[in-house]
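Encoded as structure tokens, the structure appears first; notes follow it.
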Amino acid sequence: MKIILSRKGFDSSYGGYPSFIFQNGLLQPLPIPSSYETIRYSDIYSPYDGLTLYDTMRSLNAAIKDKTWVGLTKDQTCHLDPDLGFDSLSRCGEWVGCFGQEGAAQTVLRKQLVGSGDIFLFFGWFNHCYPSDHGLKFRKGDGSHVIFGYLQVEKVLYTAEEEIPQWLKYHPHAHERHIKKRNNCIYVARKYCSWNHELKGYGLFNYSDALCLTKNGCSRSKWNLPEIFRDVRITYHSTDNWKDGYFQSAYRGQEFVIEENSEIEKWAVSLIEKNSRR
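Position 242 (the sequence shown) corresponds to 242 in the UniProt record's numbering; numbering is contiguous.
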């Protein structure tokens, strides 16, 4: 079983501010804006007071960054990927979590033979937020890299070669502009985890300090990885990334595939079992 740390959601170029950690511990990843999509922020349910994601975002900031700052409107579309929350959209009974990838990032995953049984741990830029008289506000500071969800792979569907099931045709990587690309694929989750048939094979987390990759008091790319990672190969990284007191994560790259290791597998399973949103 390989573990993949997969960088997703808002960053300094796309979105412009961190995703949300609500006061009740719910993690709300923010999908990046994209003018090519059909799903809007106003279509996506947010766990914050039963509002749409658009309403929640507007309560914090009336603008959004798509390389340049633009006004956030109800018609703003986004790239909802990974899609891990059953309640985020109106679903059919066949739906399970899914995640699409293409281009150079998918080439990395293919070369590392990522497939059935492997686990994606998705991380992104997050900060704690709280309500005020003028809408949501972030806690002071730049925020941290936080693991917000997971997906254990059941199937890797290459869209140029295989038929896309009806329930999956809503997904961004099932749209016409992607499906004919040779290395465009969709990772479809297991219905239940292989080691625990009562635990969904995909989902979002509730926040805990164990999910925070960033070392306390440091910039968000400086991680406090457990020692079990020290002698293990990670794509985009080398032994030079281990510094005095922290691990310097790569500034670029989406898919950090970790060499198979039984201790890291136990670490990932523990994170999922202790923090998954039930």
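Glycine included, each C-beta is placed from N, C-alpha and C at the ideal position.
Spanning the alpha carbons of C98 and I44 requires a straight line of approximately 16 Å. Classified as buried, H171 has 16 or more neighbouring CB atoms from the shown chains inside 10 Å of its CB. The alpha-carbon of L151 is positioned some 14 Å away from that of H197. DSSP places H178 in the uninterrupted alpha helix (DSSP H) bounded by E176 to I179. In the structure shown, D83 adopts extended strand secondary structure according to DSSP, grouped into three states. A direct Cα-Cα distance of roughly 23 Å separates H237 from G143. The way I'd put it, the region 153-161 doesn't touch the region 76-86; fewer than three beta-carbon pairs between them come closer than 8 Å.
L30 is positioned such that its CB atom lies closer than 9 Å to that of M57.
Taking C-beta atoms under 8 Å as the contact rule, P18 and F122 fail to qualify, at a distance of about 15 Å. The continuous stretches of alpha helix (DSSP H) do not include I44, and DSSP gives it neither H nor E. Around the beta carbon of T214, a 10 Å sphere encloses 16 or more other beta carbons of the protein chains shown; the residue is thus reported as buried. Distance between R91 and A189, taken at the CA atoms: about 15 Å. DSSP places I21 in the uninterrupted beta strand (DSSP E) bounded by S19 to I21. For L53, the enclosing alpha helix (DSSP H) has its first and last residue at L53 to R58. If you ignore the 5 residues before and after L204, its C-beta comes within less than 7 Å of the C-beta of L27, L84, G85, F148, G149 and R277, all in its own chain and listed in chain order. DSSP places T73 in the coil class of the three-state scheme, outside both helix and strand.
Under the 8 Å Cβ criterion, the region 217-227 counts as touching the region 237-255, having at least three qualifying pairs. With 16 or more other Cβ atoms inside 10 Å of its own Cβ, W267 counts as buried. Contact between the region 176-193 and the region 101-119 is established, with three or more Cβ pairs separated by less than 8 Å. Annotation for E265: the continuous alpha helix (DSSP H) segment containing it runs S262 to N275. Rounded to the nearest angstrom, the Cβ distance from K8 to I258 is 17 Å, too far for a contact under 8 Å. By the neighbour-count criterion, in which 16 or more other beta carbons inside 10 Å mark a residue as buried, V269 falls on the buried side. Here the alpha carbons of D209 and L271 stand approximately 11 Å from one another.
The alpha carbon of G16 has as its nearest neighbour, out of L225, Q101, G124 and N216, the alpha carbon of G124.
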